[in-house]
Every structure is written in structure tokens, then in C-alpha cells.
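Protein chains in written order, with our numbering: chain E, 1 to 285; chain P, 1001 to 1156.
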């Protein structure tokens, strides 16, 4: 009984571990050899899958863009244009400034995150088992030492990178639209303000603290929401996958429910990006 | 939660994807959509305008037809009036001509009668005189009785 539990938990652990790569004194090292390589570790599965999916997104949309006609569109173009219009409408409704970046940014986030989330619907054991098989046959590795996490958005590095990108843009837009002074003013002069200069001096640190927390909370919530939803979903898929034959109906139910989560989380990430950037580029106070 | 260099890698990938999308994906797709929207809008406007034009043309045609009908009726009416007028005029003229011709005939007849009467009277006078001469040749001197003969002639 105890041995079985260890196997289950190690199975889960195996599923939740990224394939790592780092450079050591002896050259490139992988996985367990990277246990204490610190920050300079690369999750090669996350990188490969996310960049691969990103390239698929760009390839699909670029080929639609190349063939796009202003006349009667084909079915493929119609589908792509539906996505473009969905994103474009949301951007126009929410972001009232004039920016050539927001719409393509939102489109990239929406489709890319959607494709990465979609990997969650591939049965959890297929690709890791296949990778283990290839590792064993081609490189003579122990299949338990081959790690493969195929959903990039269950890696906090991925979601944090997206959120960080949005955060940098938020600050950039704030400074560009309101000026550096306006941006600092927004951080320090609200929500508490006073006519009395002395009181104001006391209030400024409080404001700075509150506003900085509010500002930093945005990218954190962005990153952790997506990560948390997908990580939990993945976790449940793994658990369902471990209970034997009964997994089939449960898998189906959870997958159907997860379809919604996948689209919704991609949409929410996009929408919040637009909202945050819209807030960053309007003078609210 | 172990943040590591993957974050940097993904950040770079994200930036590159967004830039590519901004340069090569969004503008042509959005441009195509907007151009098509413009086209459809123009098409609808043109069809509206054409419909209005058609309605206008129809109204104009109906109006012109009505006008033409009125004009035709007027012309026919005028022609009828004129025809009546001409007939009346001709009738009057014919009547006058007739009367004139009749009057002329009458006067000619009258003058002929007068002439014939005169001639007859002359001839009767001459005959009377000749007759009387014949009678008187034997009885009376012509000169002595000429005043009686003259009186007779005048009485004829």
C-alpha cells in the first residue's frame, strides 16, 4: 500500500516536472543534473511547446493575411476574420486611445494562450509517454528521467513572462501618455490628498504604498490566474488519469468543462490586458 | 513556483510574436475587413440611391404621360372646333354664293326681258307705222298724221 502511494505521487510528480536544461562546468546538463543551477535553468519543454504553438499561430494568421481579399472571403479567411473581429471589437470597445500595438497584442495573447491551453486537452499521458519512449530508444535514458510538460501555461514562467510583458507596456504607456511626472503623481497623490502641504507630505508615502500594491497586483493577478486555472485543470486530469478504467467518463466530463476554461482564460487574459493598458493610457484623476 | 531563465526566453518570444503580428498579420487582415465593410456600405448606399432614382423616374414618366394625354385631348378638342368652324364658314359662303348667283341670274333675266320688251316695242311701233302707212298711203298724208302715230307708239 505504501509503495503504491509512492508510485502514484511520483507519477504525479513526474507529470508536474519540467524538462530542464542548464549549462554547468561540464557543458550542457539536463533535468536532475540541474537541480541546483538556480536561475539560469531553462524549461526546454515549455519553451519548445510555447514557441512552436506561437509559430503555428503566426503561420496560420500570416497565411490568411497573405491570401486575404476584400471581395468574397473563403471559409478559412472568414474564420480568421471572425477571430480578428472579436479581438478588434473588444479593443475598440475598451481602448479609446489610438494605438497600433494594442490590437495585435490582444490578438497574439488571445490566440497564443488559447493554443497553449488547448494542449491541456491532449490526454495527459500520451506525449510524456511518447517522449519517454523516444528518450529510452534513441538516447538510452531511463524513461522516468524524461520529463515532458506539454501545457506551457501550467508553467508559471510562461504566464509570468506574458504578465511581465503586459506590465512593461502598462508602465510604458503610462509614462508616454501622462509623462513621467504624471505617472509618479498618479502613484503618490491619490487616493488620499489634502490641501495642507504638511499633511500631504505625510500622505504621499501611504499613497505610494497603496498605489504600488495596486499596480503590481495587476501583473501578479494576470500571471497567477492563468497559471492557477491551468495548473489545477492539469492536476485534475493527472489525478483522473491515475484511477483506472473509471477515468473515461470522468475524463470526458472534465474535458468538456475544461473547454470552457481554456477559451475563457485566454479571453480573460486578453480582456484584462486591454483594460489595464486602457487604464494606463487614460488620465483618470 | 520556480522562476528561472525560461521567463526571459518566453518574454523574448512574446515580444517577437507581438511585433510580427503587429507588422505582418494584423494590418492586412484588419485592412481587408475594413475595406470590405466600406465596399458593402458603398454598395448598399448605391442600391438605395438607384431605388430612389427609379421611383423618381417612374413618377416623372407617369406625370409626363398624364400631361401628354391632356395635351392630346386638348388638340382633338381644338381640331373638332376648327372643323365645325370650317364647315359653318363654308356653308355660309356657299349660301352667299348661291344667293349671289341667283341674284345675278335674276338681274340678267330682267335686263334681257327689258331689252326684248324694248325691241318688241320698237318692232311693234315700226309695224304699226308700216301698217298705218300702208293704210294711209291711200288716205292720209303721212306728215299730217304723224303726231297721232307718235302718240300711239308712246302708248305701247
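From the three backbone atoms N, C-alpha and C, an ideal C-beta is built for every residue, glycine too.
Keep in mind the model is a prediction, meaning the values are calculated, not measured.
- prompt: Does the Cβ-Cβ distance between residue 45 (chain E) and residue 29 (chain E) come in under 8 Å?
  reply: It is not a contact, given that the beta carbons lie outside the stated cut-off.
task: Indicate the three-state DSSP secondary structure (helix, strand or coil) for residue 1011 (chain P) in the structure shown.
output: Residue state, collapsed to three classes: helix.
- prompt: So is residue 40 (chain E) buried or exposed if we call it buried at 16+ other beta carbons inside 10 Å?
  reply: Residue 40 (chain E) is exposed by the Cβ-count criterion.
query: Distance, Cα to Cα, residue 283 (chain E) vs residue 17 (chain E)?
result: When rounded, the distance between both Cα atoms is 44 Å.
message: Considering only the alpha carbon of each residue, which of E:275, E:272, E:262 and E:280 lies closest to residue 122 (chain E)?
response: Of E:275, E:272, E:262 and E:280, the residue nearest in Cα terms is E:262.
task: For residue 1010 (chain P), decide whether its Cβ has a neighbour in chain E, counting only Cβ atoms nearer than 8 Å.
output: Yes, residue 1010 (chain P) counts as interfacial toward chain E.
- prompt: What in chain E is Cβ-close to residue 1032 (chain P), meaning under 7 Å?
  reply: In chain order: 68, 69 and 70.
message: Using beta carbons (cut-off 8 Å, strictly below), is residue 42 (chain E) in contact with chain P?
response: True, the Cβ-Cβ gap to chain P drops below 8 Å.
field: Own chain, CB closer than 8 Å to residue 1067 (chain P), minus 5 neighbours either side, in chain order
entry: Listed in chain order, the non-local C-beta contacts of residue 1067 (chain P) below 8 Å within the same chain number zero, local neighbours out to five positions each way being set aside.
task: Between the Cα of residue 163 (chain E) and those of P:1133, P:1002, P:1004 and P:1010, spot the shortest distance and give me the residue it belongs to.
output: Out of P:1133, P:1002, P:1004 and P:1010, P:1010 has the C-alpha closest to the C-alpha of residue 163 (chain E).
message: Just to confirm, is the Cβ distance from residue 1021 (chain P) to residue 115 (chain E) under 8 Å?
response: No, the Cβ-Cβ distance between residue 1021 (chain P) and residue 115 (chain E) is not below 8 Å.
message: Counting only beta-carbon separations shorter than 8 Å, does residue 281 (chain E) have a partner in chain P?
response: Chain P contact via Cβ: absent.
query: Less than 8 Å separating the beta-carbons of residue 1019 (chain P) and residue 68 (chain E)?
result: Contact flag unset, no.
- prompt: If we call anything under 8 Å between Cβ atoms a contact, is residue 270 (chain E) one with residue 171 (chain E)?
  reply: Here residue 270 (chain E) is not near residue 171 (chain E), since their CB atoms are 8 Å or more apart.
message: Run through chain E and tell me which residues come within less than 9 Å of residue 1158 (chain P), C-beta to C-beta.
response: Residue 1158 (chain P) lies beyond the range of chain P shown here (1001 to 1156); nothing can be said about it.
- request: Classify residue 2 (chain E) as helix, strand or coil using the three-state DSSP reduction.
  value: Per-residue confidence for residue 2 (chain E) stands at a pLDDT of 41, beneath the threshold of 50, marking its modelled position as unreliable; the derived number appears in the next sentence. In the three-state DSSP reduction, residue 2 (chain E) falls in the helix class (H, G or I).
query: Given 8 Å as the limit, is there contact between the segment 132 to 146 of chain E and the segment 183 to 194 of chain E, that is, 3 or more CB pairs closer than that?
result: Taking a contact to require three or more Cβ pairs closer than 8 Å, the segment 132 to 146 of chain E and the segment 183 to 194 of chain E do not qualify as touching.
- request: Answer yes if the segment 235 to 248 of chain E comes into contact with the segment 204 to 221 of chain E, meaning at least three C-beta pairs across the two stretches below 8 Å, and no otherwise.
  value: Too few Cβ pairs lie closer than 8 Å, so no.
field: Separation of residue 208 (chain E) from residue 131 (chain E), as counted between CA atoms
entry: Residue 131 (chain E) and residue 208 (chain E) have their C-alpha atoms spaced approximately 50 Å apart.
- prompt: According to DSSP, is residue 41 (chain E) helix, strand or coil?
  reply: Residue state for residue 41 (chain E) is assigned as strand, using DSSP reduced to three classes.
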